[in-house]
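First residue of the sequence shown: 17, per our numbering; consecutive thereafter. C-beta: ideal position from N, C-alpha, C; glycine also. Let me begin by presenting the structure, written as structure tokens, before commenting on it.
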Amino acid sequence: MTLLVLLTVGAAYLISVMLMPLISMLAVQLKLLDRPDDFRRRHERPIPRLGGVAVFISVLIVNGVGTLVADRAHLLVLLPFVASIAIGATILFVTGLVDDLVGVRPLAKILAQSAAAIIVWYGGFRIEVVMLSPSTEIAIGMLSLPITVLWVVGLSNAFNLVDGADGLAGGVAVVALISTAASAVIVHDSTVVWCSLALLGAMLGFLRFNAPPARIFLGDSGSLVVGFLLAVLTVKGATRRDGSLYALAPIFALSYPLLDTGISMMRRWLRGEPLSRADGRHIHHQLRALGMGPRQSVLLICGLSAVIAALGLSATFAPPEFTIAIAVAGAAMLVLIFVYGLRWLQYHEFLEAGASLTSAAMRGRTVIRDKIHARDVATLLRGTDTFEHLSAILEESAASFRFVHVELQGRSDTRLAEPIAVQVCGAATWKLEYPIERPGSTLVQPIFLS
Numbered sequence: 017m018t019l020l021v022l023l024t025v026g027a028a029y030l031i032s033v034m035l036m037p038l039i040s041m042l043a044v045q046l047k048l049l050d051r052p053d054d055f056r057r058r059h060e061r062p063i064p065r066l067g068g069v070a071v072f073i074s075v076l077i078v079n080g081v082g083t084l085v086a087d088r089a090h091l092l093v094l095l096p097f098v099a100s101i102a103i104g105a106t107i108l109f110v111t112g113l114v115d116d117l118v119g120v121r122p123l124a125k126i127l128a129q130s131a132a133a134i135i136v137w138y139g140g141f142r143i144e145v146v147m148l149s150p151s152t153e154i155a156i157g158m159l160s161l162p163i164t165v166l167w168v169v170g171l172s173n174a175f176n177l178v179d180g181a182d183g184l185a186g187g188v189a190v191v192a193l194i195s196t197a198a199s200a201v202i203v204h205d206s207t208v209v210w211c212s213l214a215l216l217g218a219m220l221g222f223l224r225f226n227a228p229p230a231r232i233f234l235g236d237s238g239s240l241v242v243g244f245l246l247a248v249l250t251v252k253g254a255t256r257r258d259g260s261l262y263a264l265a266p267i268f269a270l271s272y273p274l275l276d277t278g279i280s281m282m283r284r285w286l287r288g289e290p291l292s293r294a295d296g297r298h299i300h301h302q303l304r305a306l307g308m309g310p311r312q313s314v315l316l317i318c319g320l321s322a323v324i325a326a327l328g329l330s331a332t333f334a335p336p337e338f339t340i341a342i343a344v345a346g347a348a349m350l351v352l353i354f355v356y357g358l359r360w361l362q363y364h365e366f367l368e369a370g371a372s373l374t375s376a377a378m379r380g381r382t383v384i385r386d387k388i389h390a391r392d393v394a395t396l397l398r399g400t401d402t403f404e405h406l407s408a409i410l411e412e413s414a415a416s417f418r419f420v421h422v423e424l425q426g427r428s429d430t431r432l433a434e435p436i437a438v439q440v441c442g443a444a445t446w447k448l449e450y451p452i453e454r455p456g457s458t459l460v461q462p463i464f465l466s
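Okay, here's the thing in structure tokens:
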């Protein structure tokens, strides 16, 4: 087992390392370079962007050899899934390569990702039963196809957004793949184990050239494929043979791309901007803006991702008596990172939204309280039969309504000798004239409130 692991990872790593310089030289000759700008591309010089070609070829060769030497009977059972994932990855590789060469519209990429997701769904990759805990299962039923497509497309795009700092996409992928391979070993899915190890070796080879300062970028030909494979493998590697998915394992393994994408979409929504608009304020950008170096920021993100992925595995496969405690600890860690991280990273959109929600909640509580009290007073007013009784009720309730002045006046302009006055420091004043007419009487008595 150990020898096979080393052979799989080592073979993919060596192929990737050997191909990367060749791909880099080809990209330079074809002028397929990622040029720096002051927006999102903050590297110092043009960088070749076809690293995904080497990654794709490495994974294809290693998995192809593995398929040839696999047990025939076992291969026939797995053939639909293996063929579908290969076809889906190839579709996205071609789409990404065309995007790297001449550019592709975002809608075309979404359609390609959706097509790949539908293909693997028909090949046997399906999210059908979700397990949040050993005793909690949610049957997806007829929503299996749309949820599977949504997961694949969403995660593929989330990983694509992560590919914005030297070594970050590779580091996040390595953490997720190690977690996925471990999960697949536990659920006895050898196919996912070997596919994960092959991609792990290829990404380690890529990281040798992409670690800060980067000499080559993944490009869309790589980010679309790797994102797609991560979406499929992380879920398949946490699915039991009866089709039940341990949901925490893939979510925690991919915590950074999911969290960063969620924050980005919420920021744009709060700003009233299109959710798909690119910007230079992702988490890794903010860390750099705070003065952290490229290597330090990547190590911080990948280190936290590894801790969260380990918590996800522990919460998923630990004995039942520990599962809830570990899950709560992981959730608490994510909440702390989210709450304090947003302030530290200077995402003022969330600070303003939080302040507005708090203020609105306080105002809403005040309005509800006043309306309840107003109904109570209205009930009392319906039982009044004298001017003095009405005055007494209003005098008693004036303070709770925060009125600074209450005056009752009949149509004859006869006023109370002592108008009701409540002192409220710094209060904004206003005036309301509300006529009250008693049934069976022609006397109308306005109430002046301020």
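Taking the alpha carbon of Ile163 as the point to measure from, which residue in Arg231, Glu144, Thr152, Glu153 has its own alpha carbon closest?
Closest option to Ile163, Cα to Cα, is Glu144.
Give a yes or no on whether the minimum CB-CB distance between Ile202 and chain D is below 8 Å.
Here chain D cannot be found, since the structure has a single protein chain.
Specify whether the region 297 to 309 and the region 177 to 188 touch according to this definition: at least 3 beta carbon pairs, one from each stretch, less than 8 Å apart.
Flag = yes, the region 297 to 309 and the region 177 to 188 touch.
Give me the Cα-Cα distance between Ile202 and Ala334, rounded to the nearest whole angstrom.
Cα to Cα, the separation comes out at about 11 Å.
Kindly list the residues whose CB is nearer than 6 Å to the CB of Ser100, restricted to its own chain and excluding five residues on each side of it in sequence; keep chain order.
Excluding positions up to five away in sequence, the list reads Ile135, Val136, Gly139.
What separation, rounded to the nearest whole angstrom, lies between the Cα atoms of Phe225 and Gly187?
Cα to Cα, the separation comes out at about 12 Å.
How many angstroms separate the CA atom of Val78 from the CA atom of Ala376?
Taking the straight line from one Cα to the other gives about 58 Å.
Give me, in chain order, the residues of the same chain whose beta-carbon lies closer than 7 Å to that of Leu20; leave out the 5 immediate sequence neighbours on both sides.
Contacts found: none.
For Val208 and Ala200, which I take to be in contact (beta-carbon distance under 8 Å), what is that distance rounded to the nearest angstrom?
With a Cβ gap of about 4 Å, Val208 and Ala200 count as contacting.
Entirely within the region 229 to 298 and at least 4 residues each: give me those alpha helix (DSSP H) ranges in chain order.
If we require 4 residues or more, the alpha helix (DSSP H) runs fully inside the region 229 to 298 come out as 236 to 252, 264 to 269, 271 to 287.
Count Cβ pairs between the region 112 to 128 and the region 226 to 243 that sit closer than 8 Å; are there 3 or more?
Touching, yes.
Throw me the rounded Cβ distance for the Leu350 and Ser271 pair, which I believe falls under 8 Å.
Their Cβ separation, rounded to whole angstroms, is 7 Å, which keeps Leu350 and Ser271 in contact under 8 Å.
According to the Cβ coordinates, are Leu352 and Arg359 closer than 8 Å?
No; because the gap between Cβ atoms is not below 8 Å, this pair is not in contact.
For Ser416, which of helix, strand or coil comes out of DSSP?
It is coil, neither helix nor strand.
Contact between the region 142 to 161 and the region 118 to 131 is defined here as three or more beta-carbon pairs at a separation below 8 Å; is this criterion met?
Taking 8 Å as the limit for Cβ pairs, the verdict is that the region 118 to 131 does not touch the region 142 to 161.
Are the beta-carbon atoms belonging to Gly243 and Ser151 less than 8 Å from one another?
Not a contact, by the Cβ cut-off of 8 Å.
Looking at the secondary structure, which residues open and close the alpha helix (DSSP H) in which Val201 lies?
Run containing Val201: 184 to 202, per the alpha helix (DSSP H) assignment.
Under 8 Å: do the region 241 to 256 and the region 208 to 220 share three or more Cβ pairs, one atom per stretch?
Yes, the region 241 to 256 touches the region 208 to 220.
What span of residues does the alpha helix (DSSP H) with Thr402 cover, start to end?
Where Thr402 is concerned, there is no enclosing alpha helix (DSSP H), given that its DSSP letter is neither H nor E.
Under 7 Å Cβ to Cβ from Glu365, same chain only, skipping five residues before and after it: list those, please.
Around Glu365: Arg283, Leu286, Arg287.
Count the other CB atoms within 10 Å of the CB of Phe419; is the residue buried (16 or more) or exposed (fewer)?
Result: buried.
Can you list, in chain order, the residues of its chain whose CB lies under 7 Å from that of Leu249, leaving out five sequence neighbours each side?
So the list reads Thr196, Val208, Cys211, Ser212, once near-sequence residues are dropped.
What three-state label does DSSP hand Leu485 in the structure shown?
The question about residue 485 has no answer, for the chain in this structure spans 17 to 466.
Per DSSP, Ala63 is paired with what?
First, the residue type needs correcting, since residue 63 is Ile and not Ala in the sequence shown. Beta-bridge pairing links Ile63 to Asp50.
Which residues mark the beginning and the end of the beta strand (DSSP E) in which Leu166 is found?
Looking at the DSSP string, Leu166 is not in any beta strand (DSSP E); the run it does join, the alpha helix (DSSP H), is 160 to 178.
Would you grab the beta carbon distance between Ala29 and Leu316 for me? Rounded to a whole angstrom, and I think it's under 8 Å.
What sits at residue 29 in the sequence shown is Tyr, not Ala. Between Leu316 and Tyr29 the Cβ distance is about 25 Å, and since that is not below 8 Å, they are no contact.
Of all the alpha helix (DSSP H) runs that stay within the bounds of the region 294 to 379, which reach a length of 4 or more residues?
DSSP runs (the alpha helix (DSSP H)) wholly in the region 294 to 379: 299 to 305, 310 to 333, 336 to 360.
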